[in-house]
Each structure stands twice: as structure tokens, then as C-alpha cells.
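Student: For what it's worth, this note's numbering labels the leading residue of the sequence shown as 725, then goes sequentially.
Before we start, here is the structure in question, set down as C-alpha cells.
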Amino acid sequence: MGLYDPPRPEVADAVRRCHTAGIRVHVVTGDNGDTAAAVAREVGIGRPRLRVVPDAETIQDHQLDELLAEDTEIVFARSAPETKLRIADALRARGQIVAMTGDGVSDAPALHRAHIGVAMGRSGTDVAREAATMVLTDDDFATIVTAVESGRRVYDNVRKFIVYIFAHAVPEIVPFLVFALSGGLVPLPLTVMQILAIDLGTETLPALALGREPAEPGAMSRPPRRASQGIISRDMLVRAWGYMGLVSGALVMAAFFYVLWRAGWHPGDPTGPGDPLHHAYLVATTATFAGIVMYQVGTALAARTDRASLRRTGLFSNPLLLAGIAFELVFTAVLVYVPPVQKLFGTAALPADVLLLIATFPVIVWGTDELRRWALRRRTEQPS
């Protein structure tokens, strides 16, 4: 007579996704080594080869360290509860991030010692659930892989939010630097009220919508990040301030000077109330303000991915972001064209040529970052 308890059909695909994501899967069980190895091979565990420890309870610490140092997946058979704890300690000592599953009272120490203890919600004991970091309500291994993907998506979306916010610091600071460094020969290209309208009105909803961005294509095809890597990195700052920030700063100042020079302005000419150039100055500051808003549209589209192209992600895959962009465009139109609001924020209606000029800003900002991501993909995809 024989008994066969087959693995769930979705486990093999979950193990494959673990391997693609750079995650190794070890088996720690009290079953016979041959039985555990057969199940492990059936679901795809054993890359590049499967090692079987038939009596893991008797293995010495130095032997355990040598086994875990190999680039293999291991079946620890005939294991005692203390074996799980020793394996978790050995992996942590090697700098690995450990997720340990368990359901019994005796598994609680190992669940607590691992970085992420995963308890079973249906078959697990109360002690195991209390000691764990995560509880599987369906007792399904594939749910762990789904949680890993969700974690990567949340981490990426936090970085996208920060890139979007940081990138707007440069075009808001550059006008004041130009004003200060020119000694007042260049009038202030952006007013304080317009900056408040940007920070509190136009950029808020798109920034929040980036937090609901779907997982980027290839999120589960890259190796895990280093444990020491923080949310903010040097590459992220270079992208926000060096690429998108400098491009946007140059674009909005070009729009500002274009309006003034078209009106016959020269450095040092007065632009205050009552001066002949005052209306041109209001149009110029409005062009700077509207240019930053249009730049935000390009930044929002570019920040949606870190490496993948927007074509792979899909322009309409985040409807909340599109709604946020529509809101900021309507909000900007109200500030620019409604007379009572114009007086409050110091804006003026923009002529058609200026509108056409700033309408190109989203394409330019998104396009330059798309070229950067294309170059990054080519460099990382080339064989070493």
C-alpha cells in the first residue's frame, strides 16, 4: 500500500519565480530524505543541484556552514525543531535574509530568529502565529512569493514617489538662484504664491498616485537588493537632480526669458507695477509656473519605471495617475485664466506661442529619461 500527498499545483511555478528573483529554497522536514527529495524535485527545488542531508539532526555546526556556503539548494531530512533554529542562525551569520516557515509550537524559536517568520494561519498553532512576522491565511507557499512581489512593488513605489518629489526641487530653486546671482538684474522668475500652488496643489495627487503604481515589468527577474541599501541612493539623486532636474530648470528658464525678450526686455529693466514691461513680466512668471507644471507631467510619466520603458508598462495602467495629471492641468488653467485667481497668484493669460512652447516640456523631460533608461538597459543586458 502506498500513500501519495501531491504538492499543490501552483507551488512549482512559485518555486520557479523564487529562482528567477534570486531566492534559494531549502527544505527542512522531519520526513525521510528520499521522500523529501522526491517532493523537492517535483516542484523544481534543486538549483543548480539538490543536496540531501538524510539525518540533519546529527550534523555539526562546521558541516552546516560548509553546506550553506555552497550555491545549492538543500533538503534537511529527519530534522528536529532545533535544526531549524541552527539553520536560521547559520544563514544569518552569512549575511543572508532568512524567511522561515513553520506551524508548530516547537517552530516558534526559529520563526522568531529568522528575519521573516511565516506561520500557517489554518493549521498553525497560536504560539507559531504570535512568533511569526507574517501569517498565511491560506497556508499556501505561493502566497509567500506573492508577498515578495508586493514588497518589491511597495519599495519601488516609495522610490518613485521620492524621485518625483526630489526632481521638482531643481526647477523651483533655479529661478531664485538666477535672481540672486544676477544681483537683481533679472527679475524673480517665480513668486512665492506660485511655489505654494505647485507644492500644495499641482504635485500632490500625481505623487500619491505613484504609490498605487502596478509592479514594474521585471520586478521578479532581478536579484534581491543588498540589506544595507537604503530607500535613497546616489543613482536616484543623480536621476532626480542631475537628469530631470537640470533639464527642467533649463526649460522653465528658457520659457521665462523667451517671454521677456520677446517684449523687448533687457537685463536691469524695471518690471514692477506701473512699468511698461509689468504685464510681460506677469506672463513670464506665469510661463515659468505653467512650465513647471508641464514638467511635472513628464516627470510623473518618467518616474513610473526605473528601468523598463513606458511602452512595456502601458500608458493607461495607472488610471489614478492620469486623473491626478488631469486635475493639475485643470487647476493650472484656473490659476492662469480666471481673473480673480490671477490677482491672487500674480498670473496672466498665456499667448498661443507660449502654450505651444511649454506643451513640449513633458515630451522632452520624459524622452530624455527614456533615453537614460534605454542606455541603462543596454549596459546591464550586455554579457560580462
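Where a beta carbon is used, it is the ideal one built from N, C-alpha and C, also for glycine.
Bear in mind the structure is a predicted one, so any value in this text is a computation, not a measurement.
Looking only at DSSP bridge pairs, what is E797 linked to?
Tutor: For the purposes of this step, residue 797 is taken as the residue at position 73 of the sequence shown. DSSP lists L774 as partners of E797.
Student: Taking the alpha helix (DSSP H) that T1071 falls in, what are its first and last residues?
Tutor: In the sequence shown, the residue the question calls residue 1071 occupies position 347. Looking at the DSSP string, T1071 is not in any alpha helix (DSSP H), and its letter there is neither H nor E.
Student: Give the secondary structure of L727 by DSSP, where H, G and I count as helix, E and B as strand, and everything else as coil.
Tutor: The sequence position of residue 727 within the sequence shown is 3, counting from 1. Correct three-state label for L727: coil.
Student: Going by CA-CA distance only, name the one from V842, G954, D863, D862 that's closest to E854.
Tutor: Position 130 of the sequence shown, counted from the start, is the residue given in the question as residue 854. The shortest Cα separation from E854 among V842, G954, D863, D862 belongs to V842.
Student: Are there 16 or more other CB atoms within 10 angstroms of the CB of S972, so buried, or fewer, so exposed?
Tutor: As a working note, residue 972 is residue 248 in the sequence shown. It is buried - the Cβ of S972 has at least 16 other Cβ atoms within 10 Å.
Student: Check L901 in the structure and name its three-state DSSP category.
Tutor: As a first step, residue 901 is located in the sequence shown; it is residue number 177 there, counting from the start. Residue state, collapsed to three classes: helix.
Student: How close, in whole Å, do the beta carbons of A838 and A823 come, if the pair is a contact with beta carbons under 8 Å?
Tutor: Numbered from 1 along the sequence shown, position 114 holds the residue referred to as residue 838. Numbered from 1 along the sequence shown, position 99 holds the residue referred to as residue 823. Yes, they are in contact, since the Cβ atoms of A838 and A823 sit about 6 Å apart, within 8 Å.
Student: My output table needs one value for V894: the three-state DSSP class, helix, strand or coil.
Tutor: One-based indexing of the sequence shown puts residue 894 at position 170. V894 falls in the helix class under three-state DSSP.
Student: Closer than 6 Å by C-beta to R846: which residues in its own chain qualify, once you throw out the five before and the five after it? Chain order, please.
Tutor: The residue labelled residue 846 in the question sits at position 122 within the sequence shown. Correct list, in chain order: D863.
Student: For Y1019, count neighbouring C-beta atoms within 10 Å of its own C-beta (all shown protein chains included) and say buried if the count is 16 or more, exposed if not.
Tutor: Your numbering for residue 1019 matches position 295 in the sequence shown. So Y1019 counts as buried.
Student: If you measure from the beta carbon of F1013 to each beta carbon in chain D, is any gap under 9 Å?
Tutor: In the structure shown, chain D cannot be found, because there is only a single protein chain.
Student: Considering only residues of the same chain and omitting the five flanking positions on each side of T1037, which have a CB-CB separation below 8 Å?
Tutor: On the sequence shown, position 313 is the one that residue 1037 refers to. Counting only Cβ-Cβ distances below 8 Å, and skipping sequence neighbours, we find P938, E940, P941, R1028, T1029.
Student: Taking all protein chains shown into account, do 16 or more other C-beta atoms lie within 10 angstroms of the C-beta of Q918, making it buried, or fewer, making it exposed?
Tutor: For the purposes of this step, residue 918 is taken as the residue at position 194 of the sequence shown. Per the 10 Å Cβ criterion, buried.
Student: Enumerate in chain order the residues of its own chain whose CB-to-CB distance from A764 is below 7 Å, with the five nearest sequence positions on each side excluded.
Tutor: For the purposes of this step, residue 764 is taken as the residue at position 40 of the sequence shown. Within the same chain, A764 has close Cβ partners V751, G770, L774, V799.
Student: Reducing DSSP to helix, strand and coil, say where I747 ends up.
Tutor: As a first step, residue 747 must be located in the sequence shown, where it is residue number 23. Three-state DSSP puts I747 in coil, outside helix and strand.
Student: Say whether the segment 1052-1072 touches the segment 897-904, bearing in mind that this needs 3 or more beta-carbon pairs closer than 8 Å, one atom from each stretch.
Tutor: No, the segment 1052-1072 is not in contact with the segment 897-904.
Student: To the nearest angstrom, how far is it from the Cα of A801 to the Cα of V776?
Tutor: Mapped onto the sequence shown, residue 801 falls at position 77. Mapped onto the sequence shown, residue 776 falls at position 52. For A801 and V776, the distance between alpha carbons rounds to 7 Å.
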